[in-house]
DNA sequence: GCGACAG
DNA sequence: ATCTTGTCGC
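Numbering (the numbering used here), first residue to last: 22 to 248.
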């Protein structure tokens, strides 16, 4: 799948962002079963004044989950937080961090939703289409749809549906902890997305790539704050 | 019209 | 997301 970097830069006006998202949604492919070696976790942190977004990308190699490389980028926050348009707020910083990596990861694991989104085009799908790299969305709470009851043991999953359409899965990545919500971003199906999440979260609720990315983002923010 | 609403 | 200490529980 060819990259669509031509679909950036990012609009500043919510109405324009919505229009762009409506176009992007038609390019999303929630199918495929990649077996990624290099998984890049993508997350962001914000400056205290909320004026800067620190995007981070952390690459881990499968199946050892060893750290390979990381990168961060500080970008001015030019778009407000609007549920459904999250990609336009964090996307620029995440993409900037991704551009600073030495290697091209085989899969992007994004903190946020993929197709479990009102228009089936969450930040994970958005970044997948823009980069042409298979992507998965992992979120802490639902944005839309309803989740079935998840079994108590690690590995159990229950579908997230909206109007009868399966758009994701609630996945128990750790016994005793709330499930995470997984959905395909781009170039991967739901089963594949759940598989990758479970393979990368052997011990903690949050998959290792996202934990690493979170640490990098917070570190970058605190480093910038203390100078 | 009234809620709900990723980070 | 972020402002914020200690505290309850496994």
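Using N, Cα and C, we set each Cβ at its ideal position, and we do this for glycine too.
Cross-strand partners of residue i (DSSP beta bridge)
i	result
residue 78	63, 92
residue 132	159
residue 218	Per DSSP, none; premise fails for residue 218.
residue 207	156
residue 180	190
residue 244	Per DSSP, none; premise fails for residue 244.
residue 201	192
residue 73	97
residue 167	182
Residue i, DSSP secondary structure in three states
i	result
residue 146	helix
residue 112	helix
residue 118	helix
residue 87	strand
residue 151	helix
residue 239	helix
residue 30	coil
residue 173	coil
residue 251	Outside the displayed range of the chain (22 to 248) lies residue 251, so it cannot be described from this structure.
residue 55	coil
residue 140	coil
residue 230	helix
Span of the beta strand (DSSP E), counted from its first residue to its last, around residue i
i	result
residue 186	186-192
Span of the alpha helix (DSSP H), counted from its first residue to its last, around residue i
i	result
residue 43	35-45
residue 26	That residue, residue 26, is in no alpha helix (DSSP H); it is neither H nor E in DSSP.
Closer than 7 Å: residue i CB and nearest the ligand COA heavy atom
i	result
residue 155	As for the ligand COA, it is missing from this structure, which has no ligand bound.
Residue burial classification, residue i (beta-carbon count within 10 angstroms, cutoff 16)
i	result
residue 225	exposed
residue 112	buried
residue 133	buried
residue 120	exposed
residue 103	exposed
residue 185	exposed
residue 44	exposed
residue 29	exposed
residue 24	exposed
residue 47	exposed
residue 93	buried
residue 97	exposed
Spell out a yes or no on whether the region 176-186 and the region 231-240 are touching, meaning 3 or more CB-CB pairs, one atom from each, closer than 8 Å.
-> No, the region 176-186 is not in contact with the region 231-240.
Should the region 183-199 be called in touch with the region 29-48, which here means at least 3 C-beta pairs below 8 Å?
-> Segments in contact, no.
Taking contact to mean at least 3 C-beta pairs separated by less than 8 Å, is the region 73-84 in contact with the region 139-148?
-> With the cut-off at 8 Å, the region 73-84 and the region 139-148 do not touch.
Any 3 or more C-beta pairs closer than 8 Å across the region 161-173 and the region 55-73 | Output reads no: the region 55-73 does not touch the region 161-173.
Decide yes or no for the touch test of the region 157-170 against the region 81-99: beta carbon pairs closer than 8 Å, at least 3 of them.
-> The region 157-170 and the region 81-99 do not touch, with fewer than 3 CB-CB distances between them shorter than 8 Å.
Can at least three beta-carbon pairs, one atom from the region 211-218 and one from the region 48-63, be found at a separation below 8 Å?
-> The region 211-218 vs the region 48-63: in contact.
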